[in-house]
Amino acid sequence: MSDAKTKGPRIPCRYKCLRCGLVWEGSYVKGVMEELSCPSCASNSQRRLKEKKPPAEKE
Amino acid sequence: MADVARHPRIELHTLATVEAASGSVGNFKVKIRQKPRYVDVDACTACGDCAKVCPVLLPNEFEAGLMTKRAIHQLFPQAVPAAYVIDMDHCLGTNPIACGKCAEACGVHCIDYDDQEKVFEVEVGTIIVATGQDVMDPTPFEEYGYTRYENVLTSLEFERLISPLGPTLGHLIKLSDRTLPKTVAFIQCVGSRCDDGRGKPYCSNICCMNTIKDSLLIRDHWPDVEVKIFYIDIRAFGKGFEDMYKRSKAAGAKYIRGIPGEVMEDPETKELILHVENGDTGRLEEHRAEMVILSVGMEAPADMRKLQTILNLQKTPDGFYLEAHPKLLPVDAATKGVFFAGTAEGPKDVKDSVTQASAAAARALRLMAEGKVHIPAITSTIDEDLCKFCEVCAKACPYGAITVDRKTKKPAVVAEAACAGCGTCGAECATGAITMKHFTDEQIIAQVDAMLADRPEEKIVVFACNWCSYAGGDFAGVSRLQYPPTMRLVRTMCSGRVDKKFVLHAFAKGAPVVLVSGCHYVDCHYIDANRWTQKRVERLWDQLERKGIRPERLQLEWISSAEGAKFQTVMEAIEKIRRTVTPEEIEHTKKVLEKNLLEVPILV
Ligand SMILES: Cc1cc2nc3c(=O)[nH]c(=O)nc-3n(C[C@H](O)[C@H](O)[C@H](O)COP(=O)(O)OP(=O)(O)OC[C@H]3O[C@@H](n4cnc5c(N)ncnc54)[C@H](O)[C@@H]3O)c2cc1C
Ligand SMILES: [Zn+2]
């Protein structure tokens, strides 16, 4: 659970603030927990939006 | 070190590393791997007759490669024990061509080519980690020409060069022509305070004073040698340090505020040319020196990871070991019974290393003298019948205090001396096999029930950790900060204790909003237990949404004990959310979670 675990690349993602509703662009590292705060209201209740992948194009 | 070796109650295991450790404070078992020395320590008189006949020449690491050593050598002049050692990777030994010259030369017959590696176990009550630092490598800073120019040295090489016991017996010479340099230039912060990825972002703490000391030595011993020091700023914060800095300036050392962009060499004269923007005058200047010393910083040793895993230690982003608390427990590791001394914990000079070592020894002694440890009565206990050996508790425990074996179906066992009582294991256990003494599920749920017994729609259930957010609430109180009276606080030792069933229970009982709060990441009093809190809350948000409950109704906040004002703003903001929750919404939630109510433990 340590933050110092082998770090991977930062993956861009979107967060939604569960306090003020702001949706903001951020990033995360797989398997690494980070303290998050909303750029607008400073709340720590930030939910990472699970973006739906576009359907794979058929040949 | 000689005193240490002579002490009747200190056992010294040289050429040794820790392979494994088990147990907890008071009862550690440490497995040690000791490399063979090939020389009998007790018999060796360190006369050096062996090295005189050894035909193998190797670079001497202690002398920063400026001298050679033989395959049989003494590590450095004051090495303890005062005995020789063979570098078997380079020794010609007796195979394939028999050399054996050292054994022939040794009058006391102390050389044994068949010496073997030893692995043994020792039992100890406490452990002090003093594994020190590495010196930064200046080679990525190509602009200084360290690998191209003979007269560019690191501060460590310079240290050996002017040592009376070093390669020149203390004579200051240029390596290119073995004459006294007219000007010596020091470049500060090589590798330290560097954000471009080639070095480290932190200040190495010792380099300014090391250079000031060297400048005084030069001006004292070789008054004709000019000294120029290129720096960002001089950090002379210790006792007597500012005075030493002033003495260096008074002795004639020239301080130039600016780091040279490049060092070039005149190929004919080997003179080094430094271009620098002088921060005091704002002018571009050219300086010449016959020797350039790169003031390299210190970094955490590359092989720290092994010991970190063995002793369950944490590291700061700088790479050094993390103390249990930066102010109150500066020499303790979070693992009980483990302490830090010296640069293993962060860059520091010899004085601070000795101070910390004395403190670590005293901390250890305090435990050892008493012969027992006091642990708060809030540790976890396991109901073996309910344990399903899933190992989640063992993974969640920040202290490695729980052992469980899925393969052999051995139920979880808690080493109570190592348990700190955060309760993360209890919150993660899916089968209810773990009870946290004084913070049992029944006790916490009874508090929630009591809070929500009357007009629950007007209440906000706040789970607050003992050390930070609960204390933050206290601080808001003593600071006379007003916050909504709808808050009802449930105190847990750590936010890691907040089981998802507590949250769901509160919603099932009609709570409009629930807040889970804990320490900021860096402040978690249980190493990293609050990461588990966040993970759990994130899972709960998904779960609530699936059940048609607005995730906004579950809030997460990190509030420190000093953040009374933050406590106030958070509570005001959450009160606003509470007002958006309609009676219909609460009824719907209660209905959806009815089943959950049945799942929570029944009060006895
Ligand atoms: C270039 C430079 C110049 C300096 N100049 C000065 C100065 O002028 N004045 C001053 O006060 N300080 C100076 N310092 C700082 C000083 O070197 C340190 O404060 C001091 O060495 C710290 O002592 P330590 O015992 O913590 O670590 P170290 O001296 O690094 O000792 C750690 C020991 O642990 C051993 N070790 C490491 N890992 C393991 C392991 N896993 N198992 C067993 N053993 C292990 C290492 O081999 C080493 O012997 C300087 C440092 C540098 C880099
Ligand atoms: Zn926000």
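Protein chains in written order, with this note's numbering: chain R, 1269 to 1327; chain A, 18 to 621.
Note that the Cβ used here is the ideal one computed from N, Cα and C, for glycine as well.
Taking Cβ to Cβ, would you say residue i is nearer than 8 Å to residue j?
i: residue 88 of chain A; j: residue 104 of chain A; result: yes
i: residue 307 of chain A; j: residue 217 of chain A; result: no
i: residue 398 of chain A; j: residue 431 of chain A; result: yes
i: residue 310 of chain A; j: residue 37 of chain A; result: no
i: residue 72 of chain A; j: residue 116 of chain A; result: yes
i: residue 443 of chain A; j: residue 581 of chain A; result: no
i: residue 143 of chain A; j: residue 356 of chain A; result: yes
i: residue 538 of chain A; j: residue 1303 of chain R; result: yes
i: residue 110 of chain A; j: residue 153 of chain A; result: no
i: residue 42 of chain A; j: residue 330 of chain A; result: no
i: residue 171 of chain A; j: residue 313 of chain A; result: yes
i: residue 569 of chain A; j: residue 1317 of chain R; result: no
i: residue 61 of chain A; j: residue 22 of chain A; result: no
i: residue 446 of chain A; j: residue 414 of chain A; result: no
For residue i, I'd like the list of residues in its chain whose CB is within less than 8 Å of its CB, leaving aside the five on either flank, ordered along the chain.
i: residue 1270 of chain R; result: Bear in mind that a pLDDT of 42 at residue 1270 of chain R, under 50, signals an unreliable position, so the number given afterwards is only what the model happens to contain. Hits under 8 Å: none found.
i: residue 102 of chain A; result: 32, 54, 55, 56, 89, 90, 91 and 92
i: residue 406 of chain A; result: 421, 422, 423, 426, 427, 428 and 429
i: residue 449 of chain A; result: 400, 403, 458 and 618
i: residue 621 of chain A; result: Residue confidence for residue 621 of chain A is low, a pLDDT of 35 falling below 50, so the modelled location carries little weight and cannot support an answer.
i: residue 390 of chain A; result: 42, 43, 353, 354, 384 and 434
i: residue 509 of chain A; result: 440, 456, 461, 480, 481, 482, 483 and 515
i: residue 1282 of chain R; result: 1291, 1292, 1293, 1294, 1316, 1317 and 1319
i: residue 1308 of chain R; result: 1285, 1288, 1290 and 1292
Just curious, the alpha helix (DSSP H) that residue i is in, first and last residue?
i: residue 552 of chain A; result: 546-563
i: residue 263 of chain A; result: 258-267
i: residue 463 of chain A; result: 458-468
i: residue 294 of chain A; result: Here residue 294 of chain A belongs to no alpha helix (DSSP H); instead the beta strand (DSSP E) covers 289-294.
i: residue 496 of chain A; result: First-last for residue 496 of chain A: undefined, no H or E at that position.
i: residue 383 of chain A; result: 367-387
i: residue 67 of chain A; result: 66-70
i: residue 577 of chain A; result: Unbroken run through residue 577 of chain A: none, as it is neither H nor E.
i: residue 520 of chain A; result: 517-525
i: residue 592 of chain A; result: 581-597
i: residue 231 of chain A; result: 224-238
i: residue 177 of chain A; result: 172-178
Specify, as a first and last residue, the run of the beta strand (DSSP E) that residue i falls within.
i: residue 535 of chain A; result: 530-535
i: residue 35 of chain A; result: 33-39
i: residue 504 of chain A; result: 504-509
i: residue 207 of chain A; result: 200-207
i: residue 1314 of chain R; result: 1314-1316
i: residue 84 of chain A; result: That residue, residue 84 of chain A, is in no beta strand (DSSP E); it is neither H nor E in DSSP.
i: residue 398 of chain A; result: 397-399
i: residue 247 of chain A; result: 243-248
i: residue 325 of chain A; result: Premise fails: residue 325 of chain A lies in the alpha helix (DSSP H), 321-328, not in any beta strand (DSSP E).
i: residue 634 of chain A; result: This structure cannot speak to residue 634 of chain A, because chain A is shown only from 18 to 621.
i: residue 1294 of chain R; result: 1291-1297
i: residue 1305 of chain R; result: Counting along the chain, residue 1305 of chain R falls outside any beta strand (DSSP E), and DSSP gives it neither H nor E.
i: residue 281 of chain A; result: 279-282
i: residue 305 of chain A; result: 301-306
i: residue 1282 of chain R; result: 1278-1285
Quick one: residues in its chain with C-beta nearer than 6 Å to the C-beta of residue i, no 5 flanking neighbours on either side, listed in chain order?
i: residue 317 of chain A; result: 336 and 337
i: residue 455 of chain A; result: 395
i: residue 215 of chain A; result: 157
i: residue 595 of chain A; result: 477, 529 and 530
i: residue 151 of chain A; result: 316 and 318
i: residue 564 of chain A; result: 609
i: residue 59 of chain A; result: none
i: residue 611 of chain A; result: none
i: residue 48 of chain A; result: 36, 37 and 138
Grab me the residues of residue i's own chain with a C-beta within less than 7 Å of its C-beta, minus the 5 sequence neighbours each way, in chain order.
i: residue 24 of chain A; result: none
i: residue 1327 of chain R; result: With a pLDDT of 45 at residue 1327 of chain R, under the threshold of 50, the predicted position of this residue should be treated as unreliable, though the coordinate-derived value follows. So no residue of the chain qualifies.
i: residue 320 of chain A; result: none
i: residue 393 of chain A; result: 438
i: residue 558 of chain A; result: 568 and 571
So which residues of chain B does residue i contact, with C-beta pairs closer than 8 Å?
i: residue 1319 of chain R; result: The structure shown contains no chain B; the protein chains it does contain are R and A.
Compute every distance between the C-beta of residue i and the non-hydrogen atoms of ligand 4, then say whether any falls below 7 Å.
i: residue 521 of chain A; result: Ligands displayed in this structure: ligand 1 and ligand 2; ligand 4 is not among them.
- In chain order, what residues have a CB nearer than 6 Å to some heavy atom of ligand 2? R:1285, R:1287, R:1288, R:1290, R:1306, R:1308, R:1309 and R:1311
- Item | contact_flag[the segment 567-579 of chain A, the segment 458-472 of chain A] where n(CB pairs < 8 Å) is 3 or more | no
- For the segment 407-419 of chain A and the segment 371-388 of chain A, state whether three or more C-beta atom pairs, one from each stretch, are separated by less than 8 Å. no
- contact_flag[the segment 170-177 of chain A, the segment 78-85 of chain A] where n(CB pairs < 8 Å) is 3 or more: yes
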